[in-house]
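For reference, the structure discussed in these notes is given below.
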Amino acid sequence: MGPVLAGVLQLLALIGALALAYVPLGTYMARVYSSDRHLRVEKWIYRGIGANPDTQMRWPAYLRGVLAFSVAGVLFLYLLQRLQGVLPGSLGFSSVDPAQSFNTAVSFVTNTNWQSYYGEQTMGHVVQTAGLAVQNFVSAAVGMAVAVALVRGFARSRTGELGNFWADLVRGTLRVLVPIAAVAAVVLVACGAIQNFSGIHEVGQFMGGSQQWNGGAVASQEAIKELGTNGGGYFNANSAHPFENPTPLTNLLEIFLILVIPFSLTRTFGVLVGNVKQGYAILATMGVIWLGFTALMMWTEFAHRGPALQIAGGALEGKEVRFGVGGSSIFAVATTLTSTGAVDSFHSSFTGLGGGITMLGMMLGEIAPGGVGSGLYGILILAVIAVFIAGLMVGRTPEYLGKKIGAREMKLAAAYILVTPALVLVFTAASMALPTPPHSMLNPGAHGFSEVLYAFASAANNNGSAFAGLNANTDWFNTMTGLAMLFGRFLPMVFVLALAGSLAGQKPIPVTAGTLRTEKPLFTGLLVGAILIITGLTYFPALALGPLAEGLA
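Here is the structure:
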């Protein structure tokens with residue numbers, strides 16, 4: 000079997016698995032977030048944190064819950080790292096320095112999981128399991144809660160109430176993420192991933208010195224790392240490491256885990272607004288972009304330019320030979336079109352145009368299908384903008400799902416769209432203009448610029464993958480990427496929840512002959528076009544200086 004055919008068959012198997020999970024998982028999540036029943040363990044948690052899960056919140060209260068919980072998470076994780084040297088199970092590792100502790104705490108709480116350290120040489124068992132793994136669950140649940148709050152804004156009328164953040168957080172964690180992650184962890188262990196709390200072992204000699212490996216609860220963290228679109232690896236090699244991702248089968252499983260909840264949430268959206276066709280329209284938009292990016296990536300990486308690539312069957316530099324070009328290409332697109340950031344190959348070693356595809360995937364806002372929760376609310380914001388554009392074309396007030404899109408709604412949507420590009424471009428420009436930050440670049444010229452641009456695109460979009468070649472473990476990059484992660488995560492949430500509150504307070508508008516049918520293929524095409532044009536106009540100059548210049552050289 001040729002490598003191209005193998006890649007295509009993997010893609011088809013992945014699509015089939017996602018299709019099988021779509022309806023049952025999407026419908027189940029809709030029931031979870033609309034249920035009035037509380038499980039016994041949930042009642043214990045509510046009692047412990049002093050929350051009343053039946054209290055309805057308006058958007059300011061919902062936002063305060065999101066921010067308070069996230070600030071507490073940052074402080075706890077920061078202190079856990081600073082105290083690592085005196086904690087049991089630290090494997091002899093010392094406390095993490097302040098700048099890196101801040102960066103890592105922000106990274107995992109914001110669902111970014113950007114890592115400027117070697118996991119197996121920096122974090123002990125307590126920090127990995129009680130700190131990082133816990134945040135993998137709850138940061139994903141926060142994103143899902145915000146997405147559901149926005150969906151309620153469309154579904155409800157004449158009320159500003161968006162549900163209860165604490166109930167949404169607990170339910171998303173216990174009823175959705177924990178069960179699926181537990182099953183996935185067992186499958187990973189069965190396929191060869193490790194799961195233990197062993198210490199550091201010497202496993203032989205390597206280039207004149209001893210080679211050491213430490214164990215850890217890898218399979219359980221790997222499962223939620225992918226399922227929650229987190230991305231932080233137990234080991235520095237991330238999902239290219241055989242302890243995390245042993246076989247081509249587990250590689251395909253991990254891609255499935257990355258995509259299954261973001262795609263299925265479109266079904267949840269359709270069920271909650273009472274029109275599953277609306278969910279299918281959003282799903283089609285996500286699917287068209289994802290398939291297009293995957294096909295383009297496989298074409299660029301399989302292109303046989305020069306005798307070396309002809310012999311290898313594709314661009315194999317930086318790719319794990321167990322997965323090949325096809326598996327690596329599918330993984331790279333999945334992880335950058337979502338907010339995952341896990342890698343089974345090094346994106347810096349992709350072809351010039353292939354590296355640009357990974358970068359553009361993040362710059363779209365990671366909406367195809369996007370992160371857990373963040374992908375859905377991101378594409379719904381863009382749907383509001385697409386409806387507004389259509390309204391301008393025909394000269395009537397835009398409407399979406401029976402809600403009028405007025406000046407307030409458009410200002411909030413526009414602010415959401417502008418936040419992330421501003422962070423990416425301003426921080427990249429500052430890093431290139433100042434004398435010290437460029438010293439962190441391994442490569443000069445266009446590729447070196449791409450390393451910096453990719454870093455801030457990854458941080459501000461809460462992705463977490465790296466272009467490699469950039470020494471990000473400096474005070475400048477630890478601080479600046481930390482700020483980019485904070486602002487890139489929570490400023491958009493402010494605008495999302497404010498928009499949800501505005502929509503929930505409106506009365507429904509009846510459908511007329513002039514209403515744009517947003518469940519039709521015409522709207523899907525309009526939405527795809529709006530996404531690509533908005534992103535292209537925003538980032539094209541920066542892309543032209545980096546990956547496009549390198550790819551066309």
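Numbering (numbering that gives the first Met the number 0), first residue to last: 0 to 552.
A virtual CB, placed ideally from N, CA and C, is assigned to each residue, including glycine.
Taking DSSP as the reference, what is the three-state secondary structure of S89? Under the three-state reduction of DSSP output, S89 falls in the coil class, being neither helix nor strand.
Within the same chain, show all residues whose beta-carbon is closer than 6 Å to that of G64, passing over the 5 residues directly before and after it, in chain order. Excluding sequence neighbours, G64 sits near F164.
So the candidates are A12, F107 and V31; which of them puts its Cα closest to the Cα of L271? Nearest of A12, F107 and V31 to L271, Cα basis: V31.
For the alpha helix (DSSP H) holding Q127, just list the boundary residues, first then last. Element bounds for Q127: n/a, residue is neither H nor E.
Taking C-alpha atoms, which residue in Y61, A104, A67 and A12 lies nearest to R81? A104
Specify the secondary structure class of R321 as computed by DSSP and reduced to three states. In the structure shown, R321 sits in coil (DSSP, three-state: anything other than H, G, I, E or B).
Looking at the structure shown, is Y279 part of a helix, part of a strand, or coil, going by DSSP? helix
Classification of E201 by the beta-carbon crowding that lies within 10 angstroms, buried from 16 upward: exposed
So which of W475, I530, N213 and K224 has the shortest CA-CA distance to F92? N213
Skipping 5 residues on each side, what residues in its chain have a beta carbon closer than 6 Å to that of A218? A184, L187, V188, A192 and Q194
Length of the line joining the Cα atoms of W475 and M484: 14 Å
Element boundaries [alpha helix (DSSP H), containing L554]: This structure does not reach residue 554, given that the chain is present from 0 up to 552, and the question cannot be answered.
Beta-carbon contacts of N112 that lie in its chain and below 6 Å, excluding the five residues immediately before and after: S106, N229, G230, G231, G340 and G463
Would a C-beta distance cut-off of 8 Å place Q127 and Q220 closer than the cut-off? yes
Could you give the first and the last residue of the continuous alpha helix (DSSP H) run that contains S501? D474 to A503
Beta-carbon proximity check, L256 vs E300, cutoff 8 Å: no
Mind reading off the beta-carbon distance from T109 to V137? Whole number of angstroms is fine, and I expect it under 8 Å. Contact flag wrong, Cβ pair sits at about 12 Å.
If you drop the 5 nearest sequence neighbours on each side, which residues of the same chain put their C-beta closer than 8 Å to that of V332? W289, F292, T293, M296, I356, T357 and G360
For P23, count neighbouring C-beta atoms within 10 Å of its own C-beta (all shown protein chains included) and say buried if the count is 16 or more, exposed if not. exposed
Decide if the stretch 233–252 is in contact with the stretch 374–383; the criterion is three or more beta carbon pairs, one per stretch, under 8 Å apart. Contact between the stretch 233–252 and the stretch 374–383 is absent, because fewer than three Cβ pairs lie under 8 Å.
Check E518 in the structure and name its three-state DSSP category. coil
G390 to G535, Cα distance in whole Å? Each residue's alpha carbon lies about 22 Å from the other.
DSSP on E119, reduced to helix/strand/coil? helix
Rounded to the nearest angstrom, how far is the Cβ of L258 from that of T335, given a contact under 8 Å? Not quite, the Cβ-Cβ distance comes to about 12 Å (not below 8 Å), so this is no contact.
Since N135 sits in a beta bridge, which residues does DSSP pair it with? DSSP, once it has assigned bridges, lists no residue as partnering N135.
According to DSSP, is R157 part of a helix, a strand, or is it coil? coil
Does the separation of the CB atoms of V145 and T121 fall below 8 Å? no
Am I right that L411 and G152 are in contact with their C-beta atoms under 8 Å? What's the rounded C-beta distance? L411 to G152, Cβ: 11 Å. No contact.
Whose CA, out of I388, M479, I416 and A406, lies closest to the CA of L433? M479
Using C-beta distances below 8 Å, list every residue in its chain close to I199, excluding the 5 sequence neighbours before and after it, in chain order. L90, G91, Q211, W212 and N213
With C-beta atoms as the reference, is G487 less than 8 Å away from N460? yes
What separation, rounded to the nearest whole angstrom, lies between the Cα atoms of A239 and F101? 26 Å
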